[in-house]
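Q: The structure that follows is given in the form of structure tokens.
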Amino acid sequence: MNCICDHLFTCFRWCDLNSLSLNEIKSETGVYAIRYDSKGIDIDLTIQKTKNFFNQAQWGSLNDYVYNRLDRLKSIVDCPILYIGSAPSIDAGGLKSRYRDLCGRRHTIFYPVLALLTAGWNLQWGFNKTDRPKKMEKELIDNYKQIHEVYPALLKRA
Ligand SMILES: [Zn+2]
Numbered sequence: 002m003n004c005i006c007d008h009l010f011t012c013f014r015w016c017d018l019n020s021l022s023l024n025e026i027k028s029e030t031g032v033y034a035i036r037y038d039s040k041g042i043d044i045d046l047t048i049q050k051t052k053n054f055f056n057q058a059q060w061g062s063l064n065d066y067v068y069n070r071l072d073r074l075k076s077i078v079d080c081p082i083l084y085i086g087s088a089p090s091i092d093a094g095g096l097k098s099r100y101r102d103l104c105g106r107r108h109t110i111f112y113p114v115l116a117l118l119t120a121g122w123n124l125q126w127g128f129n130k131t132d133r134p135k136k137m138e139k140e141l142i143d144n145y146k147q148i149h150e151v152y153p154a155l156l157k158r159a
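Written out as structure tokens, the structure reads:
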């Protein structure tokens with residue numbers, strides 16, 4: 002997938018999310034991003050399919066949260082970059098910890114990522130080691146916003 006924002010991520014190392022093991026990621030500070038490599042089924046269908054799954058639990062309070070997160074998928078456009086984040090603290094486990102969070106623990110985009118994967122989308126996780134992750138994250142997001150005029154689809158700024 003090519004995009005006019007590609008040059009922002011030339012330093013990134015990209016790995017397929019499906020096969021990326023936690024052991025392959027070091028506990029170092031850095032920035033990371035999630036992008037799609039190929040699309041799966043239509044987004045509206047993806048959202049509906051996932052909502053139907055969660056609906057079976059009939060757990061209203063969970064659905065409020067999950068539906069809100071899943072609705073972020075509607076923002077996906079032709080740019081493959083879906084999320085940009087940073088891991089600023091070694092003490093908090095660095096990039097390894099952020100990836101662990103994404104694997105179902107407590108990352109804000111866990112549900113949308115799960116929805117895309119179950120809908121046949123191939124996703125990739127990319128990262129770049131840096132000593133100033135917060136600064137680099139801000140620069141990446143600002144530059145991205147300048148190029149696309151919107152934030153990455155799954156990155157919601159209040
Ligand atoms: Zn782009």
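Here the sequence shown stands for residues 2 to 159, numbered as in the numbering used here. The beta-carbon is built from N, C-alpha and C at its ideal position, and this holds for glycine as well.
(1) Counting along the chain, where does the alpha helix (DSSP H) carrying D38 start and finish?
(2) Which of the three DSSP states is assigned to A88 in this structure?
(3) Which same chain residues, not among the five before or five after N56, have their C-beta less than 8 Å away from its C-beta?
(4) Between the alpha carbons of D17 and R101, how many angstroms are there, rounded?
(5) Tell whether a beta-carbon distance below 9 Å holds between P134 and I142.
(6) Rounded to the nearest angstrom, how far is the Cβ of G95 from that of E29, given a contact under 8 Å?
(7) Which ranges would you report for the alpha helix (DSSP H) in the segment 106-157 if only whole runs of at least 4 residues count?
(8) Contact check, I48 vs L21 under 8 Å by CB: the rounded distance?
(9) Taking only heavy atoms of ligand 1 into account, decide whether any of them is closer than 8 Å to the Cβ of C4.
(10) Given a threshold of 16 other Cβ atoms within 10 Å of its Cβ, counted over all protein chains shown, does S39 qualify as buried or as exposed?
(11) Return yes when the Cβ of Y33 is within less than 9 Å of the Cβ of F111, no when it is not.
(12) Identify the residues that DSSP records as bridge partners of D17: which are they?
(13) Short check: CB of Y68 to CB of K50, under 9 Å?
A: Concretely, from the data shown:
(1) For D38, there is no enclosing alpha helix (DSSP H); the residue is part of the beta strand (DSSP E) that begins and ends at 31-39.
(2) strand
(3) N64
(4) 15 Å
(5) Not in contact: P134 and I142 (Cβ atoms no closer than 9 Å).
(6) 5 Å
(7) 111-119, 134-149
(8) At roughly 25 Å, the Cβ-Cβ gap does not stay under 8 Å, so I48 and L21 are not in contact.
(9) Yes - ligand 1 has a heavy atom lying nearer than 8 Å to the Cβ of C4.
(10) Residue burial is scored here from C-beta neighbours: S39 has fewer than 16 other C-beta atoms within 10 angstroms and is therefore classed as exposed.
(11) no
(12) Q125
(13) no
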